[in-house]
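S.K.:
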Amino acid sequence: MGLLSIIRKIKRKEKEMRILMVGLDNSGKTTIVLKINGEDTSVISPTLGFNIKTLSYQKYTLNIWDVGGQRTIRSYWRNYFEQTDGLVWVVDSSDLRRLDDCKMELDNLLKEERLSGASLLIFANKQDIKGALTPEEIAKVLNLENMDKTRHWKIVGCSAYTGEGLLEGFDWLVQDIASRIYMLD
Amino acid sequence: MEEESPPPPSDLPSPNPNSPRDPALQKKHQAMLDRLTNRHQSRQKTTSTTTDSTSSFLSTFTDSKRSIESQLTNSPSTTDPTLLKSHLASISSSISSLEKLVAESSYSLPSYELRSSLKSIENLKQSLENLNSQLLPKKKFSFRNKSTNKSNHENSNSIQIPSNPENSNPIPTQIPLSIRDSPGIRNKENQNLTKNFKNFKEIGEFTLSDLDSCEVKLIGCVNALFVNKLRNCRVYTGPVIGSVLIEEVENCVFVLASHQIRIHYAKSCEFYLRVRSRPIIEDCEGAKFAPYCLRYEGIEEDLREAGLEEENENWGYVDDFKWLRAVKSPNWSVLEENERIESVEIEDSGSAEMEVESEGV
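From first to last, the protein sequence lines stand for chains A and B. Per UniProt numbering, the very first residue in the first sequence carries number 1; after that it's consecutive. Per UniProt numbering, the very first residue in the second sequence carries number 1; after that it's consecutive.
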């Protein structure tokens with residue numbers, strides 16, 4: 001590999017962002033990724049393992065790692081932490097019973113040193129379902145206000161089913177990462 | 001130490017001969033004198049009369065012990081976790097100040113009194129801990145994890161059904177926000193329950209939880225279905241537009257149609273499914289699968305509306321997250337055709353829905 005090609009590669013990499021999607025099973029991670037990529041969301045299997053989607057978003061290339069949330073495979077999440085720029089935590093706002101599970105897993109995740117620099121976007125998903133908690137209520141349950149002050153975070157209500165809120169969330173995430181990493185070049 | 005004993009009063013005014021009649025200064029002097037004599041007296045008292053101090057310690061100790069005990073028994077009858085937490089914290093701090101008192105007096109206390117007061121403190125701490133776990137239960141799934149262990153085969157209490165309705169929904173005490181209950185059927189035994197969603201637009205989610213030996217029929221579409229802690233039940237549901245999440249079920253029969261179905265901690269259950277994607281199981285044993293077989297008036301229309309009109313045979317392709325190998329998981333099997341129930345026909349009886357309390361629907 002010549003020097004020029006290396007430089008080119010580094011140059012190209014600069015505009016890449018690595019985004020990790022995690023959350024409990026049944027929260028809608030895969031549906032969100034497919035929806036934002038404009039793909040069919042009518043048949044989605046629970047994720048056994050992970051999916052990677054690369055998509056262009058504004059002037060950036062997003063590498064989205066969508067990792068399965070079943071309990072058995074949550075212990076593998078840590079294999080994906082390295083070099084994560086943005087963390088997307090997806091919450092099933094209609095699953096009131098497992099919110100404490102959800103809080104505990106998120107708290108564990110945020111203790112992770114390798115994720116300490118990552119911007120955190122919380123999607124309060126399934127807002128289309130009647131009876132779902134609002135993003136404000138989810139924020140209270142997850143105790144987001146008391147998060148480590150150095151963390152950049154935002155909670156956005158969304159529906160992966162209708163697509164509502166997804167762009168708002170990703171816009172914030174990409175802007176936040178860009179202002180941190182690329183100093184808005 | 002001797003130099004602190006009060007000097008003779010007559011000596012005192014002499015350093016300030018300039019303003020002997022200044023009332024403020026005189027007052028100050030008097031206060032100092034009082035203080036010094038008090039101190040002197042109290043020192044004499046503590047050193048001379050240990051029996052007095054023991055009895056005064058005991059009375060103080062008993063008083064505060066009694067007040068802590070009454071605090072322990074009269075905890076506020078609220079489920080607001082912040083109130084409960086502050087209540088528990090105040091008990092805890094009273095206990096530790098009591099402990100401090102014992103530690104401070106330990107030098108002068110007879111060993112029997114010392115031991116018995118330490119024992120009482122130990123008891124108080126234990127009851128506080130009990131109260132704590134009772135009022136603010138720990139994370140639920142430590143218990144759930146246990147339920148998957150093989151230790152509970154026969155007469156297992158892995159799926160506990162609280163007889164006390166106050167315990168039925170522990171979430172509000174765990175989370176610093178009182179969560180409203182979602183619509184659902186909870187805490188029933190030996191009942192026939194029918195719910196008809198036909199006349200409702202926008203159903204949202206529905207929950208079945210803590211049911212024993214019940215037959216549940218849900219007619220019409222819902223967006224999401226949560227099933228939790230069912231035993232010896234039969235559950236027949238119309239199409240679920242979103243997903244179904246099942247946890248902790250035993251000896252049950254489910255007839256379900258949905259886009260996604262996740263089954264956790266199921267033991268010896270039969271599932272008659274129609275699913276858009278592959279059903280998954282995790283921590284299950286003895287799960288048997290067969291095709292959907294429910295009939296009610298208008299079900300075809302509901303299935304079409306939910307995008308579930310096609311039989312795609314996915315019911316027979318189960319992914320076991322606890323069995324990530326090429327050979328088939330031993331935790332599930334296809335139900336033999338001669339063992340399957342015949343198609344289930346349920347009546348759309350409008351009156352039956354009155355049996356079900358349903359908040360918010």
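Glycine included, C-beta positions come from ideal geometry on N, C-alpha and C.
Could you check where the alpha helix (DSSP H) with P135 of chain A kicks off and where it finishes?
M.R.: Start at 1 with the first residue of the first sequence, and residue 135 of chain A comes out as number 135. Segment P135 to V141, the alpha helix (DSSP H) holding P135 of chain A.
S.K.: What residue range does the alpha helix (DSSP H) around W315 of chain B cover?
M.R.: Working through the second sequence from its first residue, we reach residue 315 of chain B at position 315. Premise fails: W315 of chain B is in no alpha helix (DSSP H) and is neither H nor E.
S.K.: If you draw a straight line from the C-alpha of T134 of chain A to the C-alpha of N196 of chain B, how long is it?
M.R.: Taking the first sequence and counting its residues from 1, the one referred to as residue 134 of chain A is at position 134. Taking the second sequence and counting its residues from 1, the one referred to as residue 196 of chain B is at position 196. About 27 angstroms.
S.K.: Between the alpha carbons of D92 of chain A and E250 of chain B, how many angstroms are there, rounded?
M.R.: One-based indexing of the first sequence puts residue 92 of chain A at position 92. One-based indexing of the second sequence puts residue 250 of chain B at position 250. Using only the alpha carbons, I get a separation of about 25 angstroms.
S.K.: Which full runs of the alpha helix (DSSP H) of 4+ residues lie inside the region 32-81 of chain A, going along the chain?
M.R.: The qualifying runs are 71-74.
S.K.: For Q260 of chain B, tell me which candidate among A:I19, A:G28 and A:R151 has the shortest Cα-Cα distance.
M.R.: Walking along the second sequence from the start, residue 260 of chain B turns up at place 260. Considering only alpha carbons, the answer is A:G28.
S.K.: If I measure Cβ to Cβ from V102 of chain B and keep anything under 6 angstroms in the same chain, skipping five residues before and after, which residues do I get?
M.R.: Locating residue 102 of chain B in the second sequence gives position 102, where the first residue counts as 1. Excluding residues within five positions, the ones whose Cβ falls inside 6 angstroms are S117.
S.K.: I'd like to know whether the C-beta of S42 of chain A is nearer than 8 angstroms to at least one C-beta of chain B.
M.R.: Within the first sequence, residue 42 of chain A is the residue found at index 42, counting from 1. True, the Cβ-Cβ gap to chain B drops below 8 angstroms.
S.K.: Under DSSP, the beta strand (DSSP E) around N228 of chain B begins and ends at which residues?
M.R.: Along the second sequence, read from residue 1 onward, the residue named residue 228 of chain B stands at position 228. Where N228 of chain B is concerned, the enclosing beta strand (DSSP E) stretches over A224 to R231.
S.K.: For the pair the region 94-111 of chain A and the region 159-170 of chain A, tell me if three or more CB-CB distances fall below 8 angstroms.
M.R.: No, they do not touch.
S.K.: On the criterion of 16 or more Cβ atoms from any shown chain inside 10 Å, does A118 of chain A qualify as buried, or is it exposed?
M.R.: Numbered from its first residue, the first sequence carries residue 118 of chain A at position 118. A118 of chain A is buried by the Cβ-count criterion.
S.K.: Taking 8 angstroms as the CB-CB cut-off, is N45 of chain A touching chain B?
M.R.: As a working mapping, residue 45 of chain A is identified with position 45 in the first sequence. The residue you asked about is not Asn; residue 45 of chain A is Ser in the sequence shown. Chain B, which has a Cβ nearer than 8 angstroms to the Cβ of S45 of chain A, makes this yes.
S.K.: So who's on the other strand from H264 of chain B, going by DSSP bridges?
M.R.: As a first step, residue 264 of chain B must be located in the second sequence, where it is residue number 264. BP columns for H264 of chain B point to B:E247 and B:E282.
S.K.: Anyone know if the C-beta pair for T47 of chain A and T30 of chain A falls short of 8 angstroms?
M.R.: For the purposes of this step, residue 47 of chain A is identified with residue 47 of the first sequence, where counting begins at 1. For the purposes of this step, residue 30 of chain A is identified with residue 30 of the first sequence, where counting begins at 1. Taking 8 angstroms as the Cβ cut-off, T47 of chain A and T30 of chain A qualify as a contacting pair.
S.K.: Opposite P239 of chain B in the DSSP bridges: which residues?
M.R.: Here residue 239 of chain B refers to the residue found at position 239 of the second sequence. Partner(s): B:A257.
S.K.: Between the alpha carbons of G298 of chain B and E345 of chain B, how many angstroms are there, rounded?
M.R.: Counting from one through the second sequence, the residue named residue 298 of chain B turns up at place 298. Counting from one through the second sequence, the residue named residue 345 of chain B turns up at place 345. G298 of chain B and E345 of chain B: Cα-Cα distance of roughly 12 angstroms.
S.K.: Is I281 of chain B closer than 8 angstroms to A290 of chain B when the C-beta atoms are compared?
M.R.: On the second sequence, position 290 is the one that residue 290 of chain B refers to. On the second sequence, position 281 is the one that residue 281 of chain B refers to. Cβ atoms of A290 of chain B and I281 of chain B: not closer than 8 angstroms.
S.K.: So L135 of chain B packs on S75 of chain B, CB below 8 angstroms; how close in whole Å?
M.R.: Counting from one through the second sequence, the residue named residue 135 of chain B turns up at place 135. Counting from one through the second sequence, the residue named residue 75 of chain B turns up at place 75. Going by Cβ atoms, the distance from L135 of chain B to S75 of chain B rounds to 7 angstroms, so yes, they are a contact pair.
S.K.: Any contact of the region 133-152 of chain A with the region 52-59 of chain A, i.e. 3+ C-beta pairs under 8 angstroms?
M.R.: No: the two stretches stay apart, fewer than three of their Cβ pairs being nearer than 8 angstroms.
S.K.: Taking the alpha helix (DSSP H) that E205 of chain B belongs to, which residues open and close that run?
M.R.: In the second sequence, the residue the question calls residue 205 of chain B occupies position 205. No alpha helix (DSSP H) holds E205 of chain B; the beta strand (DSSP E) holding it covers E205 to D212.
S.K.: Any C-beta of chain B within less than 9 angstroms: which residues of the region 94-112 of chain A qualify?
M.R.: Taking 9 angstroms as the Cβ-Cβ cut-off against chain B, the residues of the region 94-112 of chain A that qualify are S94, D95, L96, R97, R98, L99, D100, D101, K103 and M104.
S.K.: What is the DSSP secondary structure of D63 of chain B, counted as helix, strand or coil?
M.R.: For this step, residue 63 of chain B is matched to residue 63 along the second sequence. Reduced to three states, the DSSP call for D63 of chain B is helix.
S.K.: Report yes if the CB atom of L142 of chain A is closer than 8 angstroms to the CB atom of K111 of chain A, and no otherwise.
M.R.: Stepping through the first sequence from its first residue, residue 142 of chain A is reached at position 142. Stepping through the first sequence from its first residue, residue 111 of chain A is reached at position 111. No. Outside cutoff.
S.K.: Can G169 of chain A and L121 of chain A be called in contact, C-beta distance under 8 angstroms?
M.R.: Taking the first sequence and counting its residues from 1, the one referred to as residue 169 of chain A is at position 169. Taking the first sequence and counting its residues from 1, the one referred to as residue 121 of chain A is at position 121. Yes; because the gap between Cβ atoms is below 8 angstroms, this pair is in contact.
S.K.: Tell me whether T162 of chain A counts as near the ligand HEM, meaning its Cβ is closer than 7 angstroms to at least one heavy atom of that ligand.
M.R.: This structure lacks the ligand HEM; in fact it carries no ligand of any kind.
S.K.: So what's I185 of chain B in DSSP terms, helix, strand or just coil?
M.R.: Position 185 of the second sequence holds residue 185 of chain B. Three-state DSSP puts I185 of chain B in a strand.
S.K.: Interface residues of chain A around E205 of chain B at Cβ under 7 angstroms?
M.R.: By 1-based counting over the second sequence, the position of residue 205 of chain B is 205. The answer, in chain order, is S94, I129 and G131.
S.K.: Is G238 of chain B buried or exposed, if buried means 16 or more other CB atoms sit within 10 Å of its CB?
M.R.: Numbered from its first residue, the second sequence carries residue 238 of chain B at position 238. The residue in question, G238 of chain B, is buried, as its Cβ has 16 or more Cβ neighbours within 10 Å.
S.K.: Less than 6 angstroms between C-beta atoms, sequence neighbours within five positions excluded: which residues of the same chain meet that for S329 of chain B?
M.R.: Locating residue 329 of chain B in the second sequence gives position 329, where the first residue counts as 1. D320 and W323.
S.K.: Does any CB atom of chain C fall closer than 8 angstroms to the CB of T84 of chain A?
M.R.: Here chain C cannot be found, since the structure's protein chains are A and B.
S.K.: To the nearest angstrom, report how far apart L211 of chain B and E248 of chain B are at their CA atoms.
M.R.: One-based indexing of the second sequence puts residue 211 of chain B at position 211. One-based indexing of the second sequence puts residue 248 of chain B at position 248. Going by the C-alpha atoms only, they are around 11 angstroms apart.
S.K.: What does the Cβ neighbour count give for P279 of chain B, buried or exposed, with the cut at 16 atoms within 10 Å?
M.R.: Here the question's residue 279 of chain B lines up with position 279 in the second sequence. P279 of chain B is buried by the Cβ-count criterion.
S.K.: With a threshold of 16 other CB atoms inside 10 Å of the CB of L3 of chain A, please say whether the residue is buried or exposed.
M.R.: To locate residue 3 of chain A, count along the first sequence from 1; it is residue 3. Exposed, because fewer than 16 other Cβ atoms sit within 10 Å of the Cβ of L3 of chain A.
S.K.: Measure the Cβ-Cβ separation of E137 of chain A and L24 of chain A and say whether it is below 8 angstroms.
M.R.: If you number the first sequence from 1, residue 137 of chain A lands on position 137. If you number the first sequence from 1, residue 24 of chain A lands on position 24. Not in contact: E137 of chain A and L24 of chain A (Cβ atoms no closer than 8 angstroms).
S.K.: Output, in chain order, the set of chain B residues within a Cβ distance shorter than 7 angstroms of D25 of chain A.
M.R.: By 1-based counting over the first sequence, the position of residue 25 of chain A is 25. The answer, in chain order, is R262.
S.K.: Could you check whether the Cβ of A134 of chain A sits closer than 8 angstroms to any Cβ belonging to chain B?
M.R.: Numbered from 1 along the first sequence, position 134 holds the residue referred to as residue 134 of chain A. Rather than Ala, the amino acid found at residue 134 of chain A in this sequence is Thr. So, not an interface residue.
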